[in-house]
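Structure first, then comments.
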Amino acid sequence: MPVLTRLIPSPVVVDIRAGALDDLAGLLADQRISSSGKLAIAISAGSGAVLRERLTPALPGADWYEVSGGTIDGAVKLADAIRGRRYDAVVGLGGGKIIDAAKYAAARVGLPLVAVATNLSHDGLCSPVSTLDNDNGRGSYGVPGPIGLVIDLNVIREAPVRFVRSGIGDAISNISAIADWELSHRETGEPIDGLAAAMARTAGESVLRHPGGTGDDAFLTTLSEALVLTGIAMSVSGDTRPASGACHEISHAIDLLHPKRAAAHGEQVGIGAAFAMFLRGAREDAGLFAEVLRRHGLPVIPEEIGFTEFEFIEAVKYAPQTRPGRYTILEHLELSTDEIRDAYADYAKTISS
């Protein structure tokens, strides 16, 4: 008998609205995630302390753990601290680094994770991946996705606007990543998961085409939903392919070549996506990317994030080495340094006209 459907790994609850954080305890109880209130809540030492003071009265049975950044060591220490204490779930309360550390720790001890995002800087909120710094740089670790996701728009607005802008760049880059996936399918026969591709493309297009801005609740809701949908798309495909192509290879190259100078992830992948669209001959799309990025206050050329033209060209040349085996427009064209320089000059001229 043929399989007529498939199960999609996704959270049992996604709550995106103003004031969602105030109802966290009730949501966890109603969804049978934690009726006892026995939770291990991971927070940062900074903004997390403020939210802890706010939430403690509603979560008297919770234990709070300060996590130092998004490192593998911090995630392992968190797992060791909560192991054997009979919690119902782990709650990652904070930005991407805290949530990634909490995801890893929860997987290590076999507990479900609830992600409570305080900013929208990237699409890892709902993904089956923890990106953590280690002794060799930065690694990506496969983990179960969150069982619940809460995004309070009031909290999001309190975060620096740069975090929202970064999320915009990451969401829009999906469109370039899917184009790379389709290219690989044509050239190498790599299978495409049509559902994952549709979800990631829809997420990217919803942000690209939205007329609102970073101070608009309707836009913030669309961006939040896009980042969640992208994370689920990665769960469906079983890897990062729906959201990571040449755009992310370029960003990873910048991170590796200039670790102390790297800009926000979404800023780098936004530039990478616009340039990758230009390389594949989609000049109008590259121009639209640049127009939308500019409208939201995001950079479109490397000088706007503190890198020279030469450093960007160097990063593009190095980029394919960051994801061995992944086929994108960069691997397809195999451009020399001189060819990248010429292409970048044309790109800069095109988006400025």
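Residue numbers are given in our numbering: position 17 of the sequence shown equals residue 772, and the series is strictly consecutive.
Even glycine gets a Cβ: it sits at the ideal position worked out from N, Cα and C.
Note that the structure is a prediction, hence the values are computed from the model and not measured.
Query                                                                                                                                                     : Result
Less than 9 Å between the C-beta atoms of Ala914 and Thr886, yes or no?                                                                                   : no
Below 8 Å on the Cβ atoms is my contact criterion, and I expect Ala1029 with Val1055 to pass it. Report the Cβ-Cβ distance as a whole number of Å.        : 6 Å
Where in the segment 779-847 do unbroken runs of the beta strand (DSSP E), each at least 3 residues long, occur, reported from the N-terminal end onward? : 794-798, 818-821
Determine the DSSP secondary structure at Thr886, reduced to helix, strand or coil.                                                                       : strand
Report the rounded CA-to-CA distance for Ser791 versus Ile827, giving the unit in angstroms.                                                              : 30 Å
For Leu1034, tell me which candidate among Ala1001, Gly1061, Ala1008 has the shortest Cα-Cα distance.                                                     : Ala1001
Could you tell me which of Gly903, Ala1098, Thr943 sits nearest to Val767, measuring between CA atoms?                                                    : Gly903
Compare the Cα-Cα distances from Ala1019 to each of Val919, Pro997, Ser961 and report the closest residue.                                                : Val919
Taking just the CA atoms, how far does Arg809 sit from Thr977?                                                                                            : 27 Å
Judging by CA-CA distance, which residue of Gly1052, Gly897, Leu779 is the nearest neighbour of Ile796?                                                   : Leu779
Just checking my contact of Val822 with Ala856 at CB under 8 Å: how many whole Å lie between their CB atoms?                                              : 5 Å
In angstroms with no decimal places, state the Cα-to-Cα distance between Thr985 and Ile906.                                                               : 15 Å
Just curious, the beta strand (DSSP E) that Asp770 is in, first and last residue?                                                                         : 768-772
Please state whether DSSP places Ile987 in a helix, a strand or coil.                                                                                     : helix
Flag Glu1058 as yes when its Cβ comes closer than 8 Å to any non-hydrogen atom of the ligand FAD, and as no otherwise.                                    : Although the ligand FAD was asked about, the structure shown includes no ligands whatsoever.
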